[in-house]
Amino acid sequence: MVLVAVGVALVLVGAYGIAYAYVGDRVAQGTTVAGVAIGGLTVADAEDRLRDELVPQLDSPIRVSVDDTTVRIVPSQAGLRVDVEATVAVAGGGSASPLRLARALFSRTVVAPRLETDTAALREALAPLARQLARAPRNGAVAFGADGRVVVTRAVQGRRLDTSVAAARVEQAWRAGLDRLSLPVRRTAPTVSAAEIRRVVDEVAAPAMSGPVRVVAGGRSASLGPGQLARALTFRAEKGRLTLAVDRAALRTVSRDVVRALTGPAVDATVRIENGRPVVVPSHPGRTISLAALAEALPAVAVRQGDARRIDLPTVARAPRLSTQRAAALGVKEVVGEFTTRFPYADYRNVNIGRAAALIDNTFLAPGEVFSLNDEVGERTAANGFTTGFVIDGGRLREDLGGGVSQLATTTFNAMWFAGLADVEHHPHAFWIDRYPMGREATVWWGGLDLRFRNDTKYGVVVQASVSPSAPGRQGVLTVRMWSTKHRTVTSWTSKPRGTRPVKTVDDAEDGCVPQQGVPGFDVDYGRTISEPGKPDRRESYTWAYQAADRIRCSAKPAG
């Protein structure tokens, strides 16, 4: 019996050895993973086969659709992968266990692939889709077109892809072997509903554009028409409702004609010279309306019908900047600076100098104000009363509108000079004109050169200009006076000319040539000292370099 038992044992050991030699390091016979046969292969070979056949099968793109948007998700690029090593380990093989050897020899096993998910990577892969789909809810809106039409903008739901939910759904589809998937989105309703839009159109917007709104103030009336109302009225969303509101900046613009019709500007007092003496012209208060009150009343009135579309507003007094009493106290009582120039006969000089003098005559300057000849005279055009005459351009005479106005500039500059007012801007001519004092003269040009001075006193100043026209055989006379209170003394000085520059003769055969006499160029210094009681003397010094004016002969240049 002992010998028999020993024999049986030896047979079993031999069988075990044969079995281990045959399948001990191999996957169980008949094993498949998702249709891929790996039975009888070594562990390494089984892993390689799964990588070659199973992994590509489970890495097919999944078509993910959300609303009308579809994208392709590649599993391996989205954190979804097959754990080949774990899958083969589950299949068995490579073991000395007698039970495992028996299973490896005689069983037929279907093994599910071991899948693993990198959730963070999957969510990141879905993030571009989430950004593409994201849409904030948009409220419906009501607005007004420029022509008074009611314009409706429909409401739009918001939407958002929840990447956590989406990632779980994609993972489930992949594990189930699906190649397409639809994902839900979270939708957000707009605050302002379609019903609210319909209500506002019927009850507010349409009535607001049904006709003008009449504004009454101070016994006068004017109207804001639908086009003006359309620009001034707007809607504000508050807690799901649209409320009619006023754009105050737009109302200020569209109501200008209404304000002008209902109100009047304040008129400042001024001082004029009449019959050789100063006269105070009284101020007048103005009246205006409150735009804030208009804006406050407009929304409620705009939705009414017929005669109820009316706003009654009080008028508000508007005080002038300069009252009659203040103007009278500014001390305009005497001539403090005066200068006279003469000009040869020419019709254009009579017209242009006379027109410019009339435009600056009785200009009133309160303390601190600046006189600008260009501002007072305006552009020299035919519509403004000017005609064509000779002007200096580049050292030569040519014809242009406004010729002669610089005579007024020079005369005004000298009257200001001797009144002791503050020089802000003046420009002597390019070459000297002998009817003007050397250096102490001024030319002007619209859009460029100007004559400006400031009333730097505590008194008012009135500029008075008068012209005696020229005639054949008689020179014209231009006088400008500054009226104020005499409290400054001016001492003026001018040096002798130096550095004389000779005249050249130029022959010009071009059309439009204007002959002119030559004038030598030179340098000159000039200035003034302004004395005022209780203050140190103020000395001003200037230097000007006159060009030489060519002698122009309008003929062909002589031969030789």
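Residues in the sequence shown are numbered from 515 upward in steps of one, following our numbering. Where a beta carbon is used, it is the ideal one built from N, C-alpha and C, also for glycine.
Rounded C-alpha distance that separates residue i from residue j
| i | j | result |
| --- | --- | --- |
| Arg-1075 | Ala-806 | This structure leaves residue 1075 out entirely; the chain is present only between 515 and 1074. |
| Leu-564 | Thr-705 | 55 Å |
| Ala-897 | Thr-924 | 24 Å |
| Arg-823 | Arg-734 | 16 Å |
| Tyr-536 | Val-699 | A caution first: Tyr-536 carries a pLDDT of 45, below 50, which makes its placement in the model unreliable, though a value can still be read off. Computed Cα separation, rounded: 56 Å. |
| Thr-601 | Gln-571 | 15 Å |
| Ala-880 | Ala-843 | 11 Å |
| Arg-912 | Cys-1027 | Only weak support exists for where Arg-912 lies, its pLDDT of 49 falling under 50; the value from the coordinates is given anyway. Between Arg-912 and Cys-1027, the C-alpha separation is close to 8 Å. |
| Ala-641 | Thr-677 | 7 Å |
| Arg-755 | Ile-587 | 43 Å |
| Leu-615 | Ser-696 | Caution is warranted here: a pLDDT of 49 is assigned to Leu-615, below 50, making its placement in the model unreliable, and the coordinate value is therefore given only provisionally. So the two alpha carbons sit approximately 46 Å from each other. |
| Leu-963 | His-941 | 7 Å |
| Gln-1031 | Ile-1066 | 7 Å |
| Leu-629 | Thr-583 | 28 Å |
| Gln-686 | Asp-693 | 11 Å |
| Asp-889 | Arg-966 | 10 Å |
| Val-795 | Asn-789 | 14 Å |
| Leu-992 | Ser-837 | 32 Å |
| Arg-894 | Trp-960 | 7 Å |
| Ala-860 | Asp-1051 | 43 Å |
| Asp-988 | Arg-949 | Asp is not the amino acid found at residue 988; the sequence shown has Arg there. Their backbone Cα atoms lie some 15 Å apart in a straight line. |
| Met-996 | Arg-786 | 12 Å |
| Leu-743 | Glu-810 | 14 Å |
| Ile-825 | Leu-758 | 17 Å |
| Asn-866 | Ser-797 | 32 Å |
| Leu-568 | Leu-636 | 21 Å |
| Glu-752 | Lys-972 | 57 Å |
| Met-456 | Arg-774 | As displayed, the chain neither begins before 515 nor continues past 1074, which places residue 456 out of reach and without an answer. |
Buried or exposed (CB count within 10 angstroms, at least 16 for buried), residue i
| i | result |
| --- | --- |
| Gly-654 | buried |
| Ser-998 | buried |
| Gln-819 | exposed |
| Pro-627 | buried |
| Trp-931 | buried |
| Thr-767 | exposed |
| Ala-1062 | buried |
| Gly-986 | Going by the sequence as given, residue 986 is Pro instead of Gly. Looking at its Cβ environment, which holds fewer than 16 other Cβ atoms inside 10 Å, Pro-986 is exposed. |
Residue i and residue j closer than 8 Å at C-beta
| i | j | result |
| --- | --- | --- |
| Gln-591 | Ala-639 | yes |
| Thr-1040 | Tyr-1060 | According to the sequence provided, residue 1040 is Tyr. The question's Thr does not apply to it. No, they are not a contact pair. |
| Val-850 | Lys-1000 | yes |
| Leu-738 | Pro-726 | yes |
| Asp-771 | Ala-746 | no |
| Thr-829 | Thr-777 | yes |
| Leu-1121 | Val-684 | No information on residue 1121 is available, as it lies outside the stretch 515 to 1074 that the chain covers here. |
| Val-1020 | Phe-945 | no |
| Gly-845 | Gly-1048 | no |
| Pro-1016 | Asp-1037 | no |
| Leu-887 | Val-781 | no |
| Thr-1043 | Gly-953 | no |
| Pro-813 | Gly-800 | no |
| Ser-980 | Ala-871 | yes |
| Val-625 | Thr-702 | no |
| Phe-749 | Val-715 | no |
| Gly-549 | Ala-542 | no |
Residue i (DSSP reduced to helix, strand or coil)
| i | result |
| --- | --- |
| Gln-1031 | coil |
| Arg-1052 | strand |
| Asp-1039 | strand |
| Ala-635 | helix |
| Glu-1024 | coil |
| Asp-937 | strand |
| Gly-544 | coil |
| Glu-955 | coil |
| Asn-670 | Strictly speaking, residue 670 in this sequence is Val, with Asn absent from that position. Of the three classes helix, strand and coil, the one that applies to Val-670 here is strand, per DSSP. |
| Phe-504 | Beyond the ends of the chain as shown, which are 515 and 1074, falls residue 504; an answer cannot be given. |
| Pro-575 | coil |
| Gln-839 | helix |
| Asp-559 | helix |
| Trp-688 | helix |
| Leu-963 | coil |
| Gly-549 | coil |
| Val-781 | strand |
| Asp-970 | coil |
| Gln-646 | helix |
| Gly-820 | helix |
| Ile-711 | helix |
| Asp-826 | strand |
| Thr-677 | helix |
| Pro-792 | strand |
Open item on the list: Quick check on the DSSP output: what are the complete beta strand (DSSP E) runs of length 3 or more inside the segment 842-923, in order along the chain?
Closed with: Counting whole runs of 3 or more residues, the segment 842-923 contains the beta strand (DSSP E) stretches 848-857, 877-879, 884-886, 902-907, 910-915.
Task: Complete runs of the alpha helix (DSSP H) confined to the segment 735-774 [at least 4 residues] - done: The qualifying runs are 740-746, 762-768.
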